Amino acid sequence: MKQDHMENSYDIGIIGCGPRGLASLEALYAACKGTGKKPRAIIFESTKYPGAGPVYNLKQPKTNWLNVSERGLAILPRIEVELSGFTVPSFPDFQNWTGYAEKEIPSTMVDAFPLRSELGKYLTERFDSIAEILLKENLLTIVQGEVDHIALEDNGVRIEVIGGEAYRTGEVALCIGHQPVKLDKQLTGWKNRVGEIDGSVLFTQPYPVSRIVESTGLVKGSNVAIRGFGLAMIDVARALTEGNGGRFEILNENTRR
Ligand SMILES: Cc1cc2nc3c(=O)[nH]c(=O)nc-3n(C[C@H](O)[C@H](O)[C@H](O)COP(=O)(O)OP(=O)(O)OC[C@H]3O[C@@H](n4cnc5c(N)ncnc54)[C@H](O)[C@@H]3O)c2cc1C
Numbered sequence: 231m232k233q234d235h236m237e238n239s240y241d242i243g244i245i246g247c248g249p250r251g252l253a254s255l256e257a258l259y260a261a262c263k264g265t266g267k268k269p270r271a272i273i274f275e276s277t278k279y280p281g282a283g284p285v286y287n288l289k290q291p292k293t294n295w296l297n298v299s300e301r302g303l304a305i306l307p308r309i310e311v312e313l314s315g316f317t318v319p320s321f322p323d324f325q326n327w328t329g330y331a332e333k334e335i336p337s338t339m340v341d342a343f344p345l346r347s348e349l350g351k352y353l354t355e356r357f358d359s360i361a362e363i364l365l366k367e368n369l370l371t372i373v374q375g376e377v378d379h380i381a382l383e384d385n386g387v388r389i390e391v392i393g394g395e396a397y398r399t400g401e402v403a404l405c406i407g408h409q410p411v412k413l414d415k416q417l418t419g420w421k422n423r424v425g426e427i428d429g430s431v432l433f434t435q436p437y438p439v440s441r442i443v444e445s446t447g448l449v450k451g452s453n454v455a456i457r458g459f460g461l462a463m464i465d466v467a468r469a470l471t472e473g474n475g476g477r478f479e480i481l482n483e484n485t486r487r
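So the number in my numbering is just where the residue sits in the sequence shown, counting from 1, plus 230.
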């Protein structure tokens, strides 16, 4: 039985609160500067980490790095916004937040890549610092849950969450990021085949990598084949080596191979 929150209507519903949901929330209140407006927002996020989401989950292993270097990671800071009766505080950019901007780093130094969980911490703090004031002003509601249905209705939007709650908003911003995809023909074939081969295990998703590393099907001397040679491959290869106490060696300092 769906529980109805339709009487509590909100000006805007933000569905999904990873980095883009957070940016939408910040942009909404920044746009209100000088207008006298104070919209009521409601955020729907299925994970426990608004701001960070699953990609920048704070609990992920340290073997998951960003693919952007500390030097290149130029996330704009949040500028303070004065609204009628309260202020949305400023928040530093990532390089200032980590202290990187203050270091004198020679241009010849090899780039370092921050942990994805570290960016998650930054995004969580950034989210908390705007949410705190909006919650206090009674302008924000946060729903931890997965939206499974939305419908345009009576000049507004009806938003339903798995488990039964329904909400009403004037407008909606979809910030749902990566969505699950159907297995392709090749993986479907492998999935069917793997059951026929003793001791073999197939992972159709690289994340969370801990699922692969901790799999009972993986023992010392196991052969691991990885389909694809992109960023997720690097995370998986690092988790299977450094994550298990192993290491990579640089054999040539010039090529860093
Ligand atoms: C494994 C992985 C690693 C990546 N690494 C990098 C990197 O190193 N550098 C880089 O620049 N980019 C990276 N990316 C790209 C990454 O997607 C973006 O950096 C960023 O996460 C996009 O932000 P987003 O808010 O649009 O989407 P997401 O981060 O995917 O956030 C979407 C949010 O919506 C929520 N959500 C989705 N559906 C619903 C629903 N129905 N109801 C409620 N909530 C919902 C999800 O829980 C999630 O928190 C990576 C992506 C992946 C998948």
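Glycine included, C-beta positions come from ideal geometry on N, C-alpha and C.
Please read all numbers here as calculations on a predicted model, not as lab measurements.
Same chain only: Cβ atoms within 6 Å of residue i, ignoring 5 sequence neighbours per side
i: T371; result: I272
i: N513; result: One cannot answer for residue 513 here, as it falls past the ends of the chain, which runs 231 to 487.
Pairwise C-alpha distance: residue j and residue i
i: Y437; j: S299; result: 21 Å
i: V439; j: R346; result: 13 Å
i: E355; j: G283; result: 13 Å
i: T317; j: R457; result: 50 Å
i: S452; j: L417; result: 20 Å
i: S254; j: V466; result: 32 Å
i: L353; j: D384; result: 35 Å
i: K415; j: V285; result: 26 Å
i: R398; j: S239; result: 5 Å
i: D241; j: T485; result: 55 Å
i: T338; j: I480; result: 18 Å
i: M463; j: E256; result: 34 Å
Integer-rounded CB distance, given that residue j should sit under 8 Å from residue i
i: K450; j: T434; result: So it is not a contact: roughly 24 Å between Cβ atoms.
i: F357; j: L252; result: 5 Å
i: P344; j: L303; result: 7 Å
i: I389; j: G243; result: 5 Å
Contact check, residue i vs residue j, beta carbons under 8 Å
i: G375; j: G386; result: no
i: K351; j: L288; result: yes
i: T293; j: A469; result: yes
i: F324; j: I309; result: no
i: K263; j: L313; result: yes
i: I360; j: D378; result: no
i: G246; j: G407; result: yes
i: N474; j: V443; result: yes
i: I380; j: V402; result: yes
i: L369; j: K267; result: no
Same chain, Cβ closer than 8 Å to residue i, five either side skipped, listed in chain order
i: D428; result: none
i: T471; result: R477 and F478
i: S320; result: P307, R308, I309 and E310
i: L413; result: K421 and T434
i: L404; result: I245 and G246
7 Å CB neighbourhood of residue i in its chain, flanking five on each side removed
i: L432; result: W420, K421 and V424
i: L258; result: I242, P269 and A271
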